[in-house]
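One gets the numbering used here by counting positions in the sequence shown from 1 and adding 7 to each. For each residue, glycine too, the CB sits at the ideal point set by N, CA and C. Accompanying notes for the structure given below.
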Amino acid sequence: MPTRFMAADSHYDRDKADRAVKFIQNLRHTKGIWAGKKFELMDWQEQIIRDVFGVIKPNGYRQFNMAYIEIGKKNGKSELAAAVALLLCCADNEERAEVYGCASDRQQASIVFDVAADMVRMCPALSKRCKILAASKRIIYKPTNSFYQVLSSEAFSKHGFNVSGVVFDELHAQPNRKLFDVMTKGSGDARTQPLYFLITTAGNDMNSIGYETHQTALDILEGRKINSTFYPVVYGAAEDEDWSDPEVWKKVNPSLGVTIDISKV
């Protein structure tokens with residue numbers, strides 16, 4: 008079933024959702040015991056991909072242009088972020104797509120890039136069509152002259168982007184809001200359906216752009232605010248919930264038993 012946040016005049020396009028899921032599931036995991044195995048999306052991951060890429064407005068474009076995914080560590084965050092970056096760069100039917108991987112610093116942004124680069128190397132179809140520039144942290148998809156490029160908070164003054172996609176890793180760690188504002192406010196106006204995919208663990212700085220976006224997501228989830236372009240997902244516990252309660256722990260970690268050790272519950 009599509010998300011409850013689908014607008015009344017939008018519809019669920021199964022073909023587009025299936026296409027996005029199929030692209031990702033043709034990629035391969037890059038680390039640990041799953042390295043080399045096909046990326047079989049977990050239920051929570053597949054729901055996100057189907058909702059974001061399959062909920063379509065009457066004009067044929069995606070309803071959601073910002074997706075906020077807050078989830079605990081070790082739930083497969085980097086792999087999903089890398090897969091979405093490649094999907095936007097290589098399979099979004101966008102000529103000269105500009106997809107940026109953003110984080111608080113270049114080292115953090117490189118984590119997702121390195122996963123994406125390994126995914127390309129492990130996929131024969133992509134490896135033939137992509138050029139990986141490891142030194143400059145760029146992947147070029149040659150058929151459409153599109154690219155995926157790493158940026159960091161040090162690059163906030165570089166205006167002039169024509170953004171088709173942004174994958175923001177660890178939004179809560181941004182030292183200020185400058186990079187976020189540069190990448191999300193006006194930079195995608197020349198595109199028909201830019202997507203800002205924000206994926207982060209929880210933070211505790213109540214004066215940060217991460218906390219501000221977290222609050223927006225909660226307001227939408229809890230019915231205090233309506234924003235048809237914002238897709239909210241928060242896997243977290245309330246302040247008054249007991250983290251030692253196995254049911255709370257399960258709620259916070261949807262990858263339990265897959266990437267999260269079930270013996271800890």
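For residue i, write down the residues that DSSP places opposite it in a beta bridge.
{"i": "V174", "result": "G108 and F204"}
{"i": "R35", "result": "K45"}
{"i": "I146", "result": "I139 and Y155"}
{"i": "M126", "result": "For M126, which the question treats as bridged, DSSP gives no partner whatsoever."}
{"i": "V62", "result": "Y19"}
Where residue i and residue j are concerned, what is the direct C-alpha to C-alpha distance, given to the nearest angstrom?
{"i": "E53", "j": "M73", "result": "17 Å"}
{"i": "I269", "j": "F46", "result": "The pLDDT assigned to I269 is 47, lower than 50, so where the model puts this residue is not dependable; a value taken from the coordinates is nonetheless given after this. Between I269 and F46, the C-alpha separation is close to 20 Å."}
{"i": "I76", "j": "Q181", "result": "16 Å"}
Please state whether DSSP places residue i in a helix, a strand or coil.
{"i": "H18", "result": "strand"}
{"i": "I139", "result": "strand"}
{"i": "Q156", "result": "strand"}
{"i": "M8", "result": "coil"}
{"i": "R69", "result": "strand"}
{"i": "I233", "result": "coil"}
{"i": "T227", "result": "The sequence given here places Ile at residue 227; Thr does not occur at that position. If DSSP states are grouped into helix, strand and coil, I227 belongs with the helices."}
{"i": "E254", "result": "helix"}
{"i": "A74", "result": "strand"}
Let me know if residue i comes out buried or exposed under the rule of 16 or more other beta-carbons within 10 Å of its beta-carbon.
{"i": "E254", "result": "exposed"}
{"i": "V272", "result": "Only weak support is given to the placement of V272: the predicted model assigns it a pLDDT of 45, under 50, and the question is left unresolved by the model."}
{"i": "K144", "result": "buried"}
{"i": "A89", "result": "buried"}
{"i": "M193", "result": "In the sequence as presented, Met is not what sits at residue 193; that position holds Gly. Label assigned to G193: exposed."}
Looking at the secondary structure, which residues open and close the alpha helix (DSSP H) in which residue i lies?
{"i": "E86", "result": "K84 to C97"}
{"i": "M190", "result": "K185 to T191"}
Starting from residue i, follow the beta strand (DSSP E) in both directions and report where the run begins and ends.
{"i": "Y238", "result": "F237 to V241"}
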